[in-house]
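Working notes, beginning with the structure itself.
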Amino acid sequence: MSKCLETMFNEILFKNPVISASGTFGFGREYEAFYDLEKLGGLCTKGLTLEPKAGNKGIRLWETPAGLMNSIGLENPGIDAFIKNEWPHLKDVNTVTIINVGGKDEESYLKAIEKLNAVDAQLIELNISCPNVKAGGMAYGIKATTAGDITKKVVELSKHPVMVKLSPNGDAISEIALACEIAGAKGISLINTLQGMAIDYKKKSAVFNNLYAGLSGPAVKPIALRMTHQVCQAVTIPVMAMGGISTWEDALEFIMAGATCIQMGTMNFNNPMAPVEMIEGLEIYCQKEGLSNISEIRGII
Amino acid sequence: MSKCLETMFNEILFKNPVISASGTFGFGREYEAFYDLEKLGGLCTKGLTLEPKAGNKGIRLWETPAGLMNSIGLENPGIDAFIKNEWPHLKDVNTVTIINVGGKDEESYLKAIEKLNAVDAQLIELNISCPNVKAGGMAYGIKATTAGDITKKVVELSKHPVMVKLSPNGDAISEIALACEIAGAKGISLINTLQGMAIDYKKKSAVFNNLYAGLSGPAVKPIALRMTHQVCQAVTIPVMAMGGISTWEDALEFIMAGATCIQMGTMNFNNPMAPVEMIEGLEIYCQKEGLSNISEIRGII
Amino acid sequence: MAIIQSNDCLIPLIYKMSVDFTGAVLPGQFFMLRAWDKDPLLSRPISVHDYETGQLTFLYQVVGKGTEILSRLKPGDNVEIQGPYGNGFPEVSEDLCVVGGGIGVAPLHYLVKKYKEKNPQGTCRVYLGFRENSYGVEAFESMADEVILDIGGIITNRLKVNPGEVVMTCGPEMLMAAVANMVPPENKVYVSMEAHMACGIGACLGCTCETKSGNKKVCKDGPVFLREEVFYE
Amino acid sequence: MAIIQSNDCLIPLIYKMSVDFTGAVLPGQFFMLRAWDKDPLLSRPISVHDYETGQLTFLYQVVGKGTEILSRLKPGDNVEIQGPYGNGFPEVSEDLCVVGGGIGVAPLHYLVKKYKEKNPQGTCRVYLGFRENSYGVEAFESMADEVILDIGGIITNRLKVNPGEVVMTCGPEMLMAAVANMVPPENKVYVSMEAHMACGIGACLGCTCETKSGNKKVCKDGPVFLREEVFYE
Ligand SMILES: Cc1cc2nc3c(=O)[nH]c(=O)nc-3n(C[C@H](O)[C@H](O)[C@H](O)COP(=O)(O)OP(=O)(O)OC[C@H]3O[C@@H](n4cnc5c(N)ncnc54)[C@H](O)[C@@H]3O)c2cc1C
Ligand SMILES: Cc1cc2nc3c(=O)[nH]c(=O)nc-3n(C[C@H](O)[C@H](O)[C@H](O)COP(=O)(O)OP(=O)(O)OC[C@H]3O[C@@H](n4cnc5c(N)ncnc54)[C@H](O)[C@@H]3O)c2cc1C
Ligand SMILES: Cc1cc2nc3c(=O)[nH]c(=O)nc-3n(C[C@H](O)[C@H](O)[C@H](O)COP(=O)(O)O)c2cc1C
Ligand SMILES: Cc1cc2nc3c(=O)[nH]c(=O)nc-3n(C[C@H](O)[C@H](O)[C@H](O)COP(=O)(O)O)c2cc1C
Ligand code: FES
Ligand code: FES
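Residue numbers (my numbering), protein chains in the order written: chain Z, 1 to 301; chain E, 302 to 602; chain R, 603 to 835; chain Y, 836 to 1068.
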């Protein structure tokens, strides 16, 4: 296999820049029926919290034009169960596993991070941007000050490099990104879902128990691309971009906008083979364009 | 014709709550080939500025999944030419004509407003949210303080009621809306386009000369609906909602979320008859549901 | 990608589609179908209505955009099918009582067929309720020992479960809850749940169903659950 | 809504579609076509390739999603057509020299046909340039007085315009600019411009083209412009 897609993200080597996004890929196992996970540049776990979380009640998914709304509410087995049941399997997969961590307050973030110090992970994705939980989550991610504060504490405690996942729903995203960089983040990932609403006019009620939910998928791509560009202009740490990426052409656009890696989320549902097809597409592109490495077109815009 | 769709917006009577959105409907004439404009609840002019404006160069339109990006840059003939060439025709159309006004600084907004005092219009839509012009435009609309300031001055000067059109790209939209209400706005309209970016990977360059452009169409509907709901909870003045509305069902959802009227923009391009079909759909809905007026289901969520 | 053999309208809005497929398929399992690019974005879960080597059949109702597109497909067209997914109905050797409501009858056909293949001696009784028009009833008449049909009424008003029968039901949640409620605790009852699904394979947690033993995934742990797991209050 | 009479592939990626239509249609005008719901969102502008009462014909190249969907339509299918839109080529009585490049030949067929109908005595010469394979050339051979064909080269290298001829051109902007540049100022030159379009009727200002006399709308003021209007620098 050619090395044209090999990508350094901070000090971590990814065999290619295509990573499956948190919450759309379980803990990876389900997709093993479709392809060998080693093909991926990396994968990101479902958002984990200190304690197990049952998530939200009621309808959790709703389609919109070229988009998907979700209100999962961070359902997850908790860090301990993850370390016990999922990590032994994941750690042996020859790809970069990124552990996505959520929380409801400072303490729960920090305790979760502390526990994860026990495993030999390569990268933590600090989720301060989930719009579907009431406490914590997005609350930290919509202001530069709070985002910087929590990042600083997490970075100090974590033995792993920390990438902060930003919300598109708050203050100017480049300012938040910069605050995270200053606080010691080793990377930025964006965007988490956009806050949206759905109404079922037949039932005369909101679709989601939480009223609002998170929008993802191709519909949001133009917004994600703009924010990626803004953040790449603002920070020097590497950026992992996502939001509606569905083809290798999309991936390329985000890389041209400055992203080091990209994540694919919602489109895993539309086509489980999408990440693998994306990797192949990028490889062929590099060959056709005579690029010895994809980084040659990174950030050219 | 039944009166079930008659709607009071502030003190203005609309025969129905369906209005064509600024910039997607020219000055109305073009759509006269499709239907009688009197069928509409109202129509909104292309954004007008004090001086004529040539708009942006380069590509101005780009399709995205279920969305449209535009970078027109407020091309318009200027207020004087509007008053001379378009107003004589528009003022005789038996529907509410809303005049959309943009500007590059306080002075140009105020001079434009002053000139419009000479015509007998029913409602001004103050556009402080255009993402496609460099000076002015969105700059006023993304902070509650500046939005309130300019609104106050415009309201004081204008002999017409003023509705302020908000940007989805700035601070918490309900705070901006509230600032406008306090400043004397008689209504709020939202959302203007979302700031997005497009890259042409074949050309290895940004599609738009301005780099970023405005996203509209069905893709943004969930975001627009959420913001409409937030603003309707925050203010007591009536709200005119838009953003991806394409069918009568969509319109109904926005009304259930609290909107008094709705505007249809991008979907005029997809189907020129869309507003008329929407009005018919809403009328049938009222009959079926036994509503004597559509207001009975307004804001039920 | 599967090739469509036939796709016929039985009565307005109800279609039966057969596609080329060979593989192991259990009653109560489903496939994720798609015959479009990104509008709608997701695939649609549809149960196995019938299967024999080389031929997989679905019975579906047009309710929205996805099923509408499916209904327009013609023999020879392609449809993306992923599956079979889900646990399916368990294999039982007791007598079987099947209760279907509306399009919920879709998975019951293959269920009854397989049951009768495995238990030629066993008794299988079928209750079918429809709001206006029935469909697919004759097939049951030729397989089952008794078919009780109700149109426009409430099928559970007629339901009498015999001692020792296992009950399996699919239909509107209201119907299944009623069945769960009225069948004596001595009879086992299996219900086939529905949920909005994105992935169909257990990766998105969108189809979660609360059960007595915590959240379960309808797509992977279900769609078939024991009554006491889901209707436990 | 128009019904498709035929939709044939001439050479790979080039299709000719005829639909039921009767109305007044000028050479150089276009229609907005759509055979999808919201994916893609907009209609696609396609020029009139040929028209006679009851039959409107388009010639188009598959370049993306919209044209790809068009290419899959079959006789009897529906396609939404709005139009005719635009000004079209002017009617002239001078001799005519037509220059087409690639799919830019699409509108020239109807142009030459109408010219010859109105000016049986007039001379019409046609230059056609293609990158790899030609299409639709025979039709010109039967109508025009001379057809100069170039495949793989640069058609403007061959172009010689006779005194008094009016030139009309459609093709890549580079080609039209070259034509505009080389034709002596005594000859009138008309060019047919392209632009991304949303509405097609002058309402969105998306298709603006800078001209010597300010912004013009390609969809309404064009697509046909005098050379000096658009290539004026
Ligand atoms: C395990 C399982 C098996 C099923 N088997 C059958 C079958 O054999 N025959 C049949 O006719 N129907 C079956 N359904 C229901 C079928 O999946 C829905 O009717 C279908 O998804 C509706 O899609 P649509 O685009 O036509 O409607 P839309 O209303 O446009 O769909 C909108 C959204 O809601 C979701 N949705 C709507 N209704 C349902 C529903 N009842 N269940 C799950 N998601 C829904 C869709 O997936 C989509 O995301 C089954 C559902 C499940 C979960
Ligand atoms: C007045 C006019 C007449 C035309 N006549 C013909 C014709 O007779 N035959 C023919 O094959 N083509 C013609 N074209 C070009 C044709 O409209 C485009 O090739 C087509 O819109 C591409 O759509 P797509 O979905 O296949 O491609 P995509 O690349 O998916 O389109 C993406 C977007 O770009 C726009 N776009 C892409 N290329 C063009 C283009 N060249 N011009 C305008 N918009 C474009 C599309 O409208 C769409 O918004 C004409 C264009 C114009 C403006
Ligand atoms: C069903 C679903 C569940 C998600 N769960 C999480 C999560 O647990 N943690 C997280 O950081 N992001 C979560 N996300 C957000 C995605 O990781 C991603 O940021 C977002 O969907 C945008 O990318 P996309 O458009 O490619 O899906 C979830 C998204 C979806 C659709
Ligand atoms: C081509 C185009 C031009 C627009 N021009 C203006 C404008 O001049 N003034 C303005 O206030 N909004 C303008 N808008 C924004 C629309 O009025 C509307 O707020 C936005 O498109 C969202 O609604 P929609 O999704 O229904 O299109 C424009 C939108 C489009 C697509
Ligand atoms: S549909 Fe994704 S977990 Fe069940
Ligand atoms: S396409 Fe809208 S003005 Fe020309």
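Even for Gly, the Cβ is constructed at its ideal location relative to N, Cα and C.
These numbers were taken from a predicted model, which means no experiment stands behind them.
Sequence-distant residues of its chain with Cβ nearer than 8 Å to residue i (five each side left out)
i                  : result
Ala-637 of chain R : Ile-671, Leu-672, Leu-675, Asp-679, Asn-680, Val-681, Glu-682
Lys-416 of chain E : Leu-351, Ile-380, Asp-381, Ile-384
Ile-986 of chain Y : Gly-964, Phe-965, Arg-966, Glu-967, Asn-968, Ser-969
Ala-558 of chain E : Leu-526, Thr-529, His-530, Cys-533, Ala-542, Gly-600, Ile-602
Own chain partners of residue i with C-beta closer than 6 Å, once the 5 adjacent residues on each side are dropped
i                  : result
Gln-496 of chain E : Pro-432, Asn-470, Tyr-513
Val-791 of chain R : Val-769, Ala-782, Val-785, Arg-829
Asp-885 of chain Y : Thr-892, His-944, Tyr-945
Val-982 of chain Y : Val-961, Phe-975, Glu-976
Pro-629 of chain R : Gly-690, Phe-691, Tyr-712, Leu-713, Lys-716
Ala-241 of chain Z : Thr-228, Phe-254, Ala-259, Ile-262
Val-820 of chain R : Met-795, Ala-797, Cys-809, Cys-811
Straight-line gap, residue i to residue j (C-alpha atoms, nearest Å)
i                   : j                   : result
Asp-24 of chain Z   : Gly-804 of chain R  : It should be noted that the sequence gives Thr, not Asp, for residue 24 of chain Z. Rounded to whole angstroms, Thr-24 of chain Z to Gly-804 of chain R spans 10 Å at the Cα level.
Ile-79 of chain Z   : Glu-51 of chain Z   : 7 Å
Met-163 of chain Z  : Asp-36 of chain Z   : 26 Å
Lys-358 of chain E  : Lys-405 of chain E  : 18 Å
Ala-486 of chain E  : Pro-462 of chain E  : 7 Å
Gln-1084 of chain Y : Lys-444 of chain E  : No statement about residue 1084 of chain Y is possible, as the shown extent of chain Y runs from 836 to 1068 and does not include it.
Val-1065 of chain Y : Leu-1010 of chain Y : 14 Å
Gly-488 of chain E  : Glu-175 of chain Z  : 32 Å
Ser-71 of chain Z   : Lys-15 of chain Z   : 32 Å
Trp-363 of chain E  : Ala-322 of chain E  : 19 Å
Gly-899 of chain Y  : Pro-880 of chain Y  : 13 Å
Gly-1057 of chain Y : Ile-538 of chain E  : 44 Å
Ser-649 of chain R  : Glu-812 of chain R  : 22 Å
Val-1060 of chain Y : Val-933 of chain Y  : In the sequence on display, residue 1060 of chain Y carries Phe and not Val. Straight-line Cα distance between these residues: approximately 15 Å.
Limits of the beta strand (DSSP E) - the one that residue i falls within
i                  : result
Gly-816 of chain R : 816-819
Gly-67 of chain Z  : 67-70
Asn-609 of chain R : 604-613
Ala-121 of chain Z : It is not in any beta strand (DSSP E) - Ala-121 of chain Z carries neither H nor E in the DSSP assignment.
Trp-87 of chain Z  : That residue, Trp-87 of chain Z, is in no beta strand (DSSP E); its alpha helix (DSSP H) goes 87-90.
Pair within 8 Å by beta-carbon distance, residue i and residue j
i                  : j                   : result
Val-508 of chain E : Ala-499 of chain E  : yes
Leu-375 of chain E : Gly-348 of chain E  : yes
Gly-937 of chain Y : Pro-1007 of chain Y : yes
Thr-452 of chain E : Ala-484 of chain E  : yes
Thr-561 of chain E : Thr-396 of chain E  : no
Glu-456 of chain E : Tyr-410 of chain E  : According to the sequence displayed, residue 456 of chain E carries Val and not Glu. Going by C-beta atoms, Val-456 of chain E is not nearer than 8 Å to Tyr-410 of chain E.
Tyr-201 of chain Z : Leu-553 of chain E  : yes
Segment limits, alpha helix (DSSP H) that includes residue i
i                  : result
Gln-531 of chain E : 522-535
Same chain, Cβ closer than 7 Å to residue i, neighbours up to 5 away in sequence not counted
i                  : result
Lys-951 of chain Y : Cys-959, Met-978
Ile-605 of chain R : Val-621, Asp-622, Gly-678, Asn-680
Any non-hydrogen atom of ligand 7 within 7 Å of residue i CB
i                  : result
Thr-813 of chain R : Here the bound small molecules are ligand 1, ligand 2, ligand 3, ligand 4, ligand 5 and ligand 6; ligand 7 is not part of this structure.
- Select from the segment 848-875 of chain Y all residues with a C-beta closer than 9 Å to any C-beta belonging to chain R, and list them in chain order. Look at the segment 848-875 of chain Y: the residues with a C-beta under 9 Å from a C-beta of chain R are Trp-871, Asp-872, Lys-873, Asp-874.
- Message: Tell me which residues of the segment 549-578 of chain E have at least one Cβ-Cβ distance to chain Y shorter than 9 Å, keeping chain order.
- Response: Thr-567, Met-568, Asn-569, Phe-570, Asn-571, Asn-572, Pro-573
- Message: Can you pull out the residues from the segment 496-525 of chain E whose beta carbon lies closer than 7 Å to at least one beta carbon of chain Z?
- Response: Gln-496, Gly-497, Met-498, Ala-499, Ile-500, Tyr-502, Lys-505, Ser-506, Ala-507, Tyr-513, Leu-516, Pro-519, Ala-520, Lys-522, Pro-523, Ile-524
- Which of the residues in the segment 381-404 of chain E, read from start to end, lie with their CB under 9 Å from any CB of chain Y? none
- Selection of the segment 664-690 of chain R by Cβ proximity to chain Z, strictly under 7 Å: Nothing from the segment 664-690 of chain R brings a Cβ to less than 7 Å from some Cβ of chain Z.
- Interface positions of the segment 701-724 of chain R facing chain Z (Cβ-Cβ less than 7 Å), listed along the chain: Of all residues in the segment 701-724 of chain R, none has a C-beta nearer than 7 Å to a C-beta of chain Z.
- Query: Taking Cβ-Cβ distances below 9 Å as the criterion, which residues of the segment 327-344 of chain E are in contact with chain Y?
  - Reply: If you check each beta-carbon in the segment 327-344 of chain E against every beta-carbon of chain Y, the ones closer than 9 Å belong to Gly-327, Phe-328, Gly-329, Arg-330, Glu-331, Tyr-332, Ala-334, Phe-335.
- Message: Tell me which residues of the segment 1034-1064 of chain Y have at least one Cβ-Cβ distance to chain E shorter than 9 Å, keeping chain order.
- Response: Cys-1034, Gly-1035, Ile-1036, Gly-1037, Ala-1038, Cys-1039, Leu-1040, Gly-1041, Cys-1042, Thr-1043, Glu-1045, Gly-1049, Asn-1050, Lys-1055
- Message: Counting only Cβ-Cβ distances shorter than 8 Å, please list the residues of the segment 364-383 of chain E near chain Z, keeping chain order.
- Response: Answer set for the segment 364-383 of chain E: Thr-365, Pro-366, Ala-367, Gly-368, Met-370.
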